Amino acid sequence: MKKRLAQAAVGLAFGLAALGTTPASAISQAAAGPAAAAACSRLAGTPYHDDGYVFAYVSSSGCSGHQVAVLERHRWYGWETIDRWEWDGNGGENLLEYCEGDGTYTYRASFPFNGVTGPSARFTC
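For the sequence shown, the residue numbers in mature numbering (1 follows the signal peptide of the UniProt record, and there is no 0) are -26 to -1, 1 to 99.
Below you can see the structure in the form of structure tokens.
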């Protein structure tokens, strides 16, 4: 558990650095107008690979209720969930999975119950 927390802290630093470059398509956009500031936005960042781990930053802002985000890799049979984070309201976290020696896959982060899917990335672990 301590190792996972340390890895998550490192991943969070990478995720926050990448947050500014995440495409707008990864964010659930609210309608323009005065209510837009109070609308719920969900971010599913682009996955990246570092030191044998796959990371993807996910967050929600202006949201109420239960949130679920997943990190997935594409297999021959479809998308496989390899990490999952659930929380209430607003928050942000790096989803991560150790992947050293697993081969070459396409990865993505998403909010499966809200229709928000971030960009995918393909790499060899």
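Even glycine gets a Cβ: it sits at the ideal position worked out from N, Cα and C. Quick caveat, the model's predicted, so the values are computed rather than measured.
Original post:
Exposed or buried, Ala(-10), counting other C-beta atoms within 10 Å across all chains shown (16 or more means buried)?
Top reply: In this predicted model, Ala(-10) has a pLDDT of only 43, less than 50, meaning its place in the structure is not dependable enough to derive any value.
**OP:** Compare the beta carbon distance of Val32 and Ala43 with 8 Å and say whether it is the shorter of the two.
**Re:** yes
Original post:
Any chance the region 11 to 27 sits against the region 52 to 61, with 3 or more Cβ pairs inside 8 Å?
Top reply: No contact exists between the region 11 to 27 and the region 52 to 61.
Subject >> Length at least 3, wholly inside the region 26 to 91: the beta strand (DSSP E) runs in chain order >> reply: 27 to 35, 40 to 49, 52 to 62, 65 to 72, 78 to 85
Original post:
If you draw a straight line from the alpha carbon of Tyr22 to that of Ala30, how long is it in whole angstroms?
Top reply: C-alpha of Tyr22 to C-alpha of Ala30: approximately 6 Å in a straight line.
**OP:** Measure how close the beta-carbons of Asn64 and Ser84 come, nearest whole angstrom, since I'm counting them as under 8 Å.
**Re:** Actually they do not touch by this definition, with Cβ atoms about 18 Å apart.
Original post:
Under 8 Å between the Cβ atoms of Ala81 and Glu46?
Top reply: The sequence shown places Tyr at residue 81, not Ala. For Tyr81 and Glu46, yes; Cβs fall inside 8 Å.
Subject >> Cα-Cα separation between Gly26 and Cys37, rounded to whole angstroms >> reply: 33 Å
Original post:
Would DSSP call Ala13 helix, strand or coil?
Top reply: Note: Ala13 maps to coil in three-state DSSP.
**OP:** Closer than 6 Å by C-beta to Ser94: which residues in its own chain qualify, once you throw out the five before and the five after it? Chain order, please.
**Re:** Thr80, Arg82
Subject >> Endpoints, the beta strand (DSSP E) within which Thr98 is located >> reply: Unbroken beta strand (DSSP E) run through Thr98: 95 to 98.
**OP:** Could you tell me if Ala71 is buried or exposed, where buried requires 16 or more neighbouring beta carbons within 10 angstroms of its beta carbon?
**Re:** With the sequence shown as reference, residue 71 is identified as Glu, and Ala is not the correct amino acid for it. Under this definition Glu71 is a buried residue.
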